[in-house]
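Under my numbering, the first residue of the sequence shown carries the number 13, and numbering increases by one thereafter. Below: the structure, in structure tokens.
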Amino acid sequence: MESKFYKSILIILGLFLTAAGIKLLTVHSLTFGGTAGVATFGTFMTEWSWGILFLIVNLPFFILSIKKLGWTFSLSTFLCILLISVISDLMDFVHFPTISPVIAAVIAGILIGLGVSFVLNSGASLGGIHILALYLEQKSDINRGVSLFVTDFIIVSSAVVMFGFKNALISIIAITIASFLTGKLKGTTKTSTSVYVPRKTEAVRNN
């Protein structure tokens, strides 16, 4: 019971940190990679909120998670996706000070890196590319930080059209820091042992 409570606290803290990092990037016309970046693009092209778009974009990955990583992991991930969507929309009412875009990218990268690590090391994920990264790490021993960096770099690079070369380049600072921390902090907490590997019985039920 104490272990589950500890994990829940880490997950909630991780969601708040990640949401704050994403919001800080958005305020400074910067973006992030993965489904978070796709949702950010959507906010500039539609009137929908980031939270709603993030939830919609992650639905296909949620289905993939059920098939490949099991129901237990997938349900906790879905709850994380739902919670961060709500938290992010609530942060629209929070005032974020305007600072140098580079400093904002550094701070956001640290917040997101720590937040994502707390969530992953507690047995869940934030969906999207994180699900793919965990699956590749499980099957091919590819460090999740590397997977996140490569995919995020590709997505942020495409942001040049919408945000301009300068802001897209600054955004890469955030994903570099976040990816480094996510890969570096793997397994540093006591809750991280085999958090994303489904039990054999669960894997059989999903095949």
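Using N, Cα and C, we set each Cβ at its ideal position, and we do this for glycine too.
Run the proximity test for residue i: is its beta-carbon closer than 8 Å to any non-hydrogen atom belonging to the ligand MG?
i	result
L37	This structure lacks the ligand MG, and indeed carries no ligand of any kind.
Grab the span of the alpha helix (DSSP H) containing residue i for me, first residue to last.
i	result
L94	W83 to L102
P113	P113 to L132
G54	G46 to M57
Taking all protein chains shown into account, decide if residue i is buried (16 or more other Cβ within 10 angstroms of its Cβ) or exposed.
i	result
L81	buried
D164	buried
T200	Here the model assigns T200 a pLDDT of 43, short of 50, so the residue's position is not dependable, and the following value carries that caveat. Exposed, by the Cβ-count rule.
M57	exposed
P113	buried
F17	exposed
L102	exposed
E59	exposed
W62	buried
With DSSP as the reference, label residue i as helix, strand or coil.
i	result
E214	Any reading at E214 needs caution, since the residue's pLDDT is 42, under 50, leaving its predicted position unreliable; the model's value is listed next. Helix at E214.
N155	coil
K198	coil
H40	coil
H142	helix
W60	coil
G176	coil
N219	Any reading at N219 is ruled out, since the residue's pLDDT is 40, under 50, leaving its predicted position unreliable.
A31	helix
S77	helix
What is the C-beta distance between residue i and residue j, in whole angstroms, given that I count them as a contact (C-beta under 8 Å)?
i	j	result
G121	A186	4 Å
F192	I143	In fact, because the Cβ distance is near 20 Å, the residues do not count as touching under 8 Å.
S137	T89	5 Å
Q. Per the contact definition of three or more C-beta pairs closer than 8 Å, is the segment 152–160 in contact with the segment 82–101?
A. These segments do not touch.
Q) Does the count of Cβ pairs from the segment 169–184 and the segment 98–110 closer than 8 Å reach three? A) No contact exists between the segment 169–184 and the segment 98–110.
Q. Does the segment 30–45 touch the segment 126–136, meaning 3 or more C-beta pairs lie closer than 8 Å?
A. Short answer: they touch.
(Q) Counting beta carbon pairs with one atom in the segment 62–76 and one in the segment 43–50, are three or more of them shorter than 8 Å? (A) Three or more pairs of CB atoms, one per stretch, sit closer than 8 Å, so the segment 43–50 contacts the segment 62–76.
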